[in-house]
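For what it's worth, my numbering labels the leading residue of the sequence shown as 83, then goes sequentially. Note that beta-carbon positions come from the ideal geometry of N, C-alpha and C, so glycine has one too. For reference, the structure discussed in these notes is given below.
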Amino acid sequence: MTQEHIFINWKRNLFVAWLGCFLTGTAFSLVMPFLPLYVELLGVSSPEKLNLWSGTVFSITFLFSAIASPIWGGLADRKGRKLMLLRSALGMAIVMMLMGLVQNIWQFLALRALLGLFGGFVPNANALIATQVPRNKSGWTLGTLSTGAVSGTLIGPLIGGLLADFYGLRLVFFITALVLFICFITTMLFVHERFLPVKKKDILSSRQILASLKNPRLVLSLFVTTLIIQVATGSVSPILTLYVRELAGNSQNLAFISGMIAAVSGVAALLSAPRLGKIGDRVGPERVLISMMALSVLLLIPMSFVQAPWQLGVLRFLLGVTDGALLPAVQTLLIYNSSNQVAGRIFSYNQSFRDMGNVSGPLIGAFVSASYGFRAVFFVTALVVMVNVIYSWWSLQRSTY
Numbered sequence: 083m084t085q086e087h088i089f090i091n092w093k094r095n096l097f098v099a100w101l102g103c104f105l106t107g108t109a110f111s112l113v114m115p116f117l118p119l120y121v122e123l124l125g126v127s128s129p130e131k132l133n134l135w136s137g138t139v140f141s142i143t144f145l146f147s148a149i150a151s152p153i154w155g156g157l158a159d160r161k162g163r164k165l166m167l168l169r170s171a172l173g174m175a176i177v178m179m180l181m182g183l184v185q186n187i188w189q190f191l192a193l194r195a196l197l198g199l200f201g202g203f204v205p206n207a208n209a210l211i212a213t214q215v216p217r218n219k220s221g222w223t224l225g226t227l228s229t230g231a232v233s234g235t236l237i238g239p240l241i242g243g244l245l246a247d248f249y250g251l252r253l254v255f256f257i258t259a260l261v262l263f264i265c266f267i268t269t270m271l272f273v274h275e276r277f278l279p280v281k282k283k284d285i286l287s288s289r290q291i292l293a294s295l296k297n298p299r300l301v302l303s304l305f306v307t308t309l310i311i312q313v314a315t316g317s318v319s320p321i322l323t324l325y326v327r328e329l330a331g332n333s334q335n336l337a338f339i340s341g342m343i344a345a346v347s348g349v350a351a352l353l354s355a356p357r358l359g360k361i362g363d364r365v366g367p368e369r370v371l372i373s374m375m376a377l378s379v380l381l382l383i384p385m386s387f388v389q390a391p392w393q394l395g396v397l398r399f400l401l402g403v404t405d406g407a408l409l410p411a412v413q414t415l416l417i418y419n420s421s422n423q424v425a426g427r428i429f430s431y432n433q434s435f436r437d438m439g440n441v442s443g444p445l446i447g448a449f450v451s452a453s454y455g456f457r458a459v460f461f462v463t464a465l466v467v468m469v470n471v472i473y474s475w476w477s478l479q480r481s482t483y
């Protein structure tokens with residue numbers, strides 16, 4: 083195989099993997115705008131129970147994904163990452179179709195848990211591409227790949243809300259299943275992987291994987307950083323609309339304003355990720371990671387002092403710029419510090435920490451806001467990120483690669 087053919091191969095795989103991440107991001111977020119309405123449709127009527135069940139069915143997917151990710155990561159290192167992409171896309175398509183048929187809340191809860199078990203398309207796509215791309219292009223490549231899921235997450239709620247209004251709630255699940263099945267077919271036909279299967283007896287245990295790493299303490303600190311990034315992102319989610327209402331007063335466009343402010347950080351991340359990834363390839367991903375985390379602290383603090391929605395929107399846009407660099411920088415450092423043999427497991431562990439952040443972030447935000455008010459959430463989040471900046475800087479200073 084010529085060098086030029088290898089180049090074309092990873093470029094094509096990047097495009098198809100990006101499309102797959104976009105489709106799965108869209109599919110997951112299609113149902114988010116009306117999840118509480120579907121819970122209500124399934125017979126949960128009282129406001130207290132509706133809030134409880136809505137939070138439970140949302141969080142349980144991430145909880146089970148955190149549990150399952152290491153298992154799928156080990157299988158990816160044994161059988162190949164493409165197989166895991168196909169397993170995830172097809173499994174999620176079937177589960178989504180079944181969600182459109184459920185008759186009670188317990189069936190829906192079980193399927194949301196199953197959705198988490200079948201997840202993992204994005205981390206396996208990251209592992210597949212990261213092990214194929216030239217090292218000096220890792221930052222740009224993973225930054226570009228991250229925009230796929232972000233784009234899908236941004237457009238999904240808009241499409242899902244429109245479809246639900248015109249065609250009803252259940253049909254959206256069937257459309258989501260179709261989108262995921264298209265992702266399965268596209269991946270099966272166009273993603274190529276040269277993979278030598280590893281025998282089960284030769285697969286490394288978790289302890290052996292850590293022992294094989296050049297800087298195991300650094301890798302563990304990167305896992306923690308991933309968790310903190312998601313905690314910081316998720317802590318604001320439960321209070322954002324309520325905080326906007328406090329700032330805007332009795333605005334008739336509260337839903338629209340809140341939606342715009344919620345989406346603007348994703349737009350900024352979409353624009354910044356490839357560019358900051360390219361800068362990371364030039365100056366080092368560790369510098370980008372530390373500087374962008376430190377900048378996010380400086381942006382979170384003034385959010386607690388804003389007096390108008392537009393001020394919050396501007397700060398969230400700037401925060402989105404920093405967010406676009408963080409996870410790709412972490413993933414680039416992970417691939418720098420692990421071999422291709424264990425990349426699937428490493429990325430799956432990282433996904434588990436990310437899922438734990440997705441579960442704990444909203445819980446922390448809800449608790450702090452209930453105890454000390456909305457504005458305190460931004461202070462607490464900034465403090466958590468600041469501690470992680472110091473910890474990450476210390477971990478990176480101790481390592482050489």
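Note that the C-beta distance between residue 104 and residue 234 is below 7 angstroms. Taking 7 angstroms as the cut-off, the beta carbon of residue 397 is found no closer than this to the beta carbon of residue 464.
Counting other Cβ atoms within 10 Å of its Cβ, residue 276 stays below 16 and is therefore classed as exposed. Within the model, the alpha-carbon separation for residue 457 versus residue 237 is close to 29 angstroms. Excluding residues up to 5 positions away in sequence, 312, 313, 314, 315, 316, 317, 319 lie with their Cβ nearer than 8 angstroms to the Cβ of residue 443 in the same chain.
Taking C-beta atoms as the reference points, residue 344 and residue 374 fail to come closer than 7 angstroms.
As the crow flies, the alpha-carbon of residue 425 is around 20 angstroms from that of residue 199. Rounded to whole angstroms, the separation of the alpha carbons of residue 197 and residue 167 is 14 angstroms. The shortest CA-to-CA distance from residue 144 to any of 413, 449, 437, 462 is the one to 437. When 120, 474, 119, 96 are compared, the shortest CA-CA separation from residue 299 is found for 474. C-alpha of residue 414 to C-alpha of residue 263: approximately 30 angstroms in a straight line. Per the coordinates, the alpha-carbon of residue 449 lies some 29 angstroms from the alpha-carbon of residue 186.
The beta-carbon separation of residue 307 and residue 171, rounded to 28 angstroms, does not stay under the 8 angstroms limit for a contact. Just so you know, the alpha carbons of residue 211 and residue 110 end up roughly 22 angstroms apart. Rounded to the nearest angstrom, the Cβ distance from residue 222 to residue 118 is 39 angstroms, too far for a contact under 8 angstroms. Nearest neighbour of residue 419 by Cα position, chosen from 370, 205, 296, turns out to be 296. Selection 394, 412, 379, 340 evaluated against residue 370 yields 412 as nearest (Cα-Cα). The region 121-139 makes no contact with the region 171-182; the number of CB pairs closer than 8 angstroms stays below 3. Remark: C-beta atoms of residue 191 and residue 232 do not approach each other more closely than 7 angstroms.
In this structure, residue 254 places its C-beta atom within 7 angstroms of the C-beta atom of residue 245. Counting of Cβ neighbours within 10 angstroms places residue 127 among the exposed residues, the total staying below 16. Rounded to the nearest whole angstrom, the CA to CA distance from residue 468 to residue 459 is 14 angstroms. Residue 248 and residue 403 have their C-alpha atoms some 35 angstroms from each other.
A residue is called buried when at least 16 other Cβ atoms come within 10 angstroms of its Cβ; residue 365 does not meet this threshold and is exposed.
The region 200-226 is shown to contain whole alpha helix (DSSP H) runs of 4 or more residues at 203-212, in chain order. In this chain, residue 321 is not harboured by any alpha helix (DSSP H), its DSSP state being neither H nor E.
With respect to the 7 angstroms criterion, residue 273 and residue 95 are classified as neighbours on the basis of their beta carbons. In this structure, 349 is the residue among 349, 427, 379, 261 with its C-alpha nearest to the C-alpha of residue 395. Taking 8 angstroms as the upper bound for CB-CB distance, residue 151 and residue 433 are in contact here, some 4 angstroms apart. In this structure, residue 92 places its C-beta atom within 7 angstroms of the C-beta atom of residue 214.
With 16 or more other Cβ atoms inside 10 Å of its own Cβ, residue 368 counts as buried.
The residues 109, 112, 113, 178, in chain order, have a CB closer than 7 angstroms to that of residue 258 in the same chain once the five nearest residues on each side in sequence are set aside.
About 7 angstroms separates the beta carbon of residue 220 from that of residue 363, a gap short enough to meet the 8 angstroms contact definition.
Residue 321 has its alpha-carbon roughly 7 angstroms from the corresponding atom of residue 451.
The distance from the Cβ of residue 301 to that of residue 149 is about 20 angstroms, inconsistent with a contact at the 8 angstroms cut-off. Taking all protein chains in view, the Cβ of residue 169 is crowded by 16 or more other Cβ atoms within 10 Å, so the residue is classified as buried.
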